[in-house]
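Using the working numbering, read the sequence shown as starting at 2 and increasing by one per residue.
Remarks on the structure that follows.
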Amino acid sequence: MIQNVTEHQLAELEATLRQVAGGRAAAKPDHVQELTRRVESLERRLAESPDPNSINLLVFDGSRDKLLAAFVMATGSAACGFRVNMFFTFWATAALRKNGPQFGRKSLVERAFGWMLPRGFAATKLSRMDMCGVGRCLMSREMRKKNVADLNELLSTAAELDVKISVCEMSMQLMGIRREELIDYPELSYCGVASFADLAAKANTTLFI
Numbered sequence: 002m003i004q005n006v007t008e009h010q011l012a013e014l015e016a017t018l019r020q021v022a023g024g025r026a027a028a029k030p031d032h033v034q035e036l037t038r039r040v041e042s043l044e045r046r047l048a049e050s051p052d053p054n055s056i057n058l059l060v061f062d063g064s065r066d067k068l069l070a071a072f073v074m075a076t077g078s079a080a081c082g083f084r085v086n087m088f089f090t091f092w093a094t095a096a097l098r099k100n101g102p103q104f105g106r107k108s109l110v111e112r113a114f115g116w117m118l119p120r121g122f123a124a125t126k127l128s129r130m131d132m133c134g135v136g137r138c139l140m141s142r143e144m145r146k147k148n149v150a151d152l153n154e155l156l157s158t159a160a161e162l163d164v165k166i167s168v169c170e171m172s173m174q175l176m177g178i179r180r181e182e183l184i185d186y187p188e189l190s191y192c193g194v195a196s197f198a199d200l201a202a203k204a205n206t207t208l209f210i
C-alpha cells in the first residue's frame, strides 16, 4: 500500500513537472526546484522500498518434512510470479550434499560431520514420528499414492521456475562441506549473512524454516 501511494505521488509530481516544462502551467523557479526535490526524494524512497514481488526463505532445519514445506512454498510462490531466494544454513546445508565420497583434506571433526550428517534428501529424517525410518517410509508411500511431489521433483521444479538457492559459506566451513560435495543446481551460489541480510532488506517477505 505504501509503495502504491508513493508511485501515485511520483506520477502526479512528474506530470506537474512536464506541464511546467511545456509551458502549460506557470510556476516560480523556487516552486520548480521544490517539485524536482520532491520527485527525487520519492524516487529514492521507491528504490529503497521492499520489492513486493520478492520472497526469501531462510532454511535452517534439515528435516525432511521442513525441507518439503520450504520447497513447496518456494515453488508455489515462484509459480505465482514471485522472485524466490532460498538461503540454506546450518543443518539444512547437509541436505544439499551429493550421496558420494567426501572431498579434500579434512580434520577428524570435519570428517565426523561428514559421516553423521545426511547426504542428500534421501538420507534426511522426519522432525517428528520418524520411528527409526518407519515414519519416513509411510510418508513416502502416502506421497506416492496421493501424487505429492517428493524433494527431488520439487528441486527440479524449483530450477525450472528460476528459484535461486544460496548456501551459507560459514556453515560449509564449520561442517567441512566442500563445494564439490553439493548438488548440481543452475542457480546455486555461496554467500554469507551480509548478502542474505541485503536480500532480506529488499524483499517484502522473509520466512524462517
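Every residue gets a Cβ at the ideal spot worked out from N, C-alpha and C, and that includes glycine.
As the structure is a prediction and not an experimental result, all values here were calculated from the model.
Kindly list the residues whose CB is nearer than 6 Å to the CB of residue i, restricted to its own chain and excluding five residues on each side of it in sequence; keep chain order.
| i | result |
| --- | --- |
| Ala71 | Leu58, Val60 and Ile210 |
| Met2 | A caution first: Met2 carries a pLDDT of 43, below 50, which makes its placement in the model unreliable, though a value can still be read off. Same-chain partners within the cutoff: there are none. |
| Thr206 | Ile56 |
| Thr158 | Thr76 |
| Gly193 | Glu170 |
Per DSSP, residue i forms a beta bridge with which residues?
| i | result |
| --- | --- |
| Phe88 | Leu59 and Ser167 |
| Thr206 | Ile56 |
| Tyr191 | Val168 |
| Leu200 | Answer by DSSP bridge pairing: none, since Leu200 is not bridged. |
| Leu183 | Arg98 |
Alpha carbon to alpha carbon, what distance is there between residue j and residue i?
| i | j | result |
| --- | --- | --- |
| Phe83 | Ala204 | 10 Å |
| Gly115 | Phe122 | 15 Å |
| Glu182 | Asp163 | 22 Å |
| Thr76 | Leu156 | 9 Å |
| Ser175 | Gln34 | It is Leu, not Ser, that sits at residue 175 in the sequence shown. So the alpha carbons of these two residues sit roughly 55 Å apart. |
| Asp199 | Pro187 | 22 Å |
| Met173 | Ala79 | 27 Å |
| Glu111 | Met171 | 13 Å |
| Lys107 | Gly177 | 7 Å |
| Val6 | Arg145 | Its pLDDT being 48, under 50, Val6 is placed unreliably by the model, and the measurement read from it follows with that caveat. So the two alpha carbons sit approximately 47 Å from each other. |
Could you pull out every residue in the same chain whose Cβ sits closer than 8 Å to the Cβ of residue i, ignoring the five residues on either side in sequence?
| i | result |
| --- | --- |
| Ser196 | Ser167 |
| Glu143 | Val149 |
| Ser141 | Asp151 |
| Leu127 | Ser64, Arg65, Asp66, Gly136, Arg137 and Met140 |
| Cys81 | none |
So, for residue i: in the same chain, excluding its five sequence neighbours on each side, which residues have a beta-carbon less than 7 Å away from its beta-carbon?
| i | result |
| --- | --- |
| Thr125 | Gly63, Ser64, Arg65, Leu68, Ala96 and Pro119 |
Within the present structure, is the beta-carbon of residue i separated from the nearest heavy atom of the ligand ZN by less than 8 Å?
| i | result |
| --- | --- |
| Ala93 | This structure lacks the ligand ZN; in fact it carries no ligand of any kind. |
Next item on the list: May I ask you to verify whether the stretch 53-65 touches the stretch 91-100, counting CB pairs closer than 8 Å and requiring at least 3?
Entry: yes
Notebook entry, point to check: What are the complete alpha helix (DSSP H) segments, minimum 4 residues, inside the stretch 97-126?
Noted result: DSSP runs (the alpha helix (DSSP H)) wholly in the stretch 97-126: 109-117.
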